[in-house]
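Worksheet: one structure, shown below.
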Amino acid sequence: MKVIVVKDYEELSKVTAEQIAEVVRNRPDCVLGLATGSTPVGAYEVLAEMYKKGELDFSRVKSYNLDEYYPMKADNRQSYHYFMNENLFSKINIDPENVHVPDGDCKDTDAMCADYEAQIRSAGGIDIQLLGIGRNGHIGFNEPGDFLYPDTHKTDLTDDTMDANARFFSEDEIIPNAAVTMGMGTILRARKIVIAASGASKREAVAGILSGKITTQCPASLLNMHPDVVLVCDEEAYGRD
Ligand code: GLP
Numbered sequence: 014m015k016v017i018v019v020k021d022y023e024e025l026s027k028v029t030a031e032q033i034a035e036v037v038r039n040r041p042d043c044v045l046g047l048a049t050g051s052t053p054v055g056a057y058e059v060l061a062e063m064y065k066k067g068e069l070d071f072s073r074v075k076s077y078n079l080d081e082y083y084p085m086k087a088d089n090r091q092s093y094h095y096f097m098n099e100n101l102f103s104k105i106n107i108d109p110e111n112v113h114v115p116d117g118d119c120k121d122t123d124a125m126c127a128d129y130e131a132q133i134r135s136a137g138g139i140d141i142q143l144l145g146i147g148r149n150g151h152i153g154f155n156e157p158g159d160f161l162y163p164d165t166h167k168t169d170l171t172d173d174t175m176d177a178n179a180r181f182f183s184e185d186e187i188i189p190n191a192a193v194t195m196g197m198g199t200i201l202r203a204r205k206i207v208i209a210a211s212g213a214s215k216r217e218a219v220a221g222i223l224s225g226k227i228t229t230q231c232p233a234s235l236l237n238m239h240p241d242v243v244l245v246c247d248e249e250a251y252g253r254d
């Protein structure tokens with residue numbers, strides 16, 4: 014694993030965006046695995062700026078997002094569909110036909126998840142997967158536990174994750190307690206992975222990755238098994254002088 018420690022969030026956003034930009038430049042019809050949460054917002058801004066300046070072309074790019082709340086309609090402003098449109102898709106020239114986010118409004122989650130896996134496979138697999146990290150070490154919505162799931166699946170969210178995500182919801186909104194998410198295998202099958210962590214609340218999770226041990230209690234620690242991972246973290250998340 015390559016570890017890049019940067020000073021602050023601004024630098025983290027630039028470095029993270031550059032990892033993705035390099036793949037898009039080298040392979041204009043690449044398949045991106047994308048993430049939500051507050052961490053990638055800055056990187057998405059940098060990518061949108063690169064597109065605006067004519068430095069990047071997304072017209073042939075395909076994307077598959079990591080996860081979505083369940084149940085959740087795509088047009089709900091709390092949905093990850095909505096988040097991606099707001100923060101990235103509406104600002105670049107990606108073809109709306111080429112963007113994919115798990116359907117949080119489907120009736121049959123097993124069928125939807127199997128279809129999502131099949132779609133990723135038929136697209137040729139993910140070239141670069143962007144990840145944030147939960148403060149409990151989750152990636153996507155693969156929560157710490159006795160075991161993890163390899164493929165896209167429906168999952169319950171832990172109290173800690175619901176608590177962390179509460180900041181995005183107003184008092185009268187119900188915080189979802191379930192989600193559909195790529196599994197650990199889906200993530201680890203990506204050819205390259207870039208994981209970004211910012212702020213002191215991520216210190217323990219980052220330490221879990223850097224511990225050199227693999228445990229289902231810190232799903233992100235499984236990234237140590239992948240041959241091409243870049244961990245980008247700011248000094249606060251890294252937490253070592
Ligand atoms: C959510 C998402 C994750 C994300 C995590 C951290 O739980 N499912 O993909 O990495 O939040 O979010 P943030 O970047 O806002 O700390």
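Sequence positions in the sequence shown follow this note's numbering and run 14 to 254. C-beta: ideal position from N, C-alpha, C; glycine also. Because the structure is a prediction, the values reported are computed rather than measured.
| Item | Value |
| --- | --- |
| Just to confirm the assignment, what range does the alpha helix (DSSP H) spanning Gly55 have? | Val54 to Lys65 |
| Roughly how far, in whole angstroms, is the beta-carbon of Leu45 from the beta-carbon of Val74, given that I think they are within contact range, below 8 Å? | 6 Å |
| Find out if the Cβ-Cβ distance for the pair Thr194, Asn155 is shorter than 8 Å. | yes |
| Does at least one heavy atom of the ligand GLP sit under 7 Å from the Cβ of Asn100? | no |
| From Ile208, Ser214, Ile141 and Gly252, pick the residue whose C-alpha is nearest to that of Asn237; which is it? | Ile208 |
| Is the Cβ-Cβ distance between Asp159 and Thr228 less than 8 Å? | no |
| State the DSSP-derived secondary structure class of Ser135, mapped to helix, strand or coil. | helix |
| Could you pull the start and end residues of the beta strand (DSSP E) that Ser76 belongs to? | Lys75 to Asn78 |
| Taking three-plus beta-carbon pairs below 8 Å as touching, is the segment 203-221 in contact with the segment 239-250? | yes |
| From this set, Pro189, Thr168, Ser183 and Tyr162, which residue's C-alpha is nearest Met175's C-alpha? | Pro189 |
| Go ahead and pull the three-state DSSP assignment for Lys215. | helix |
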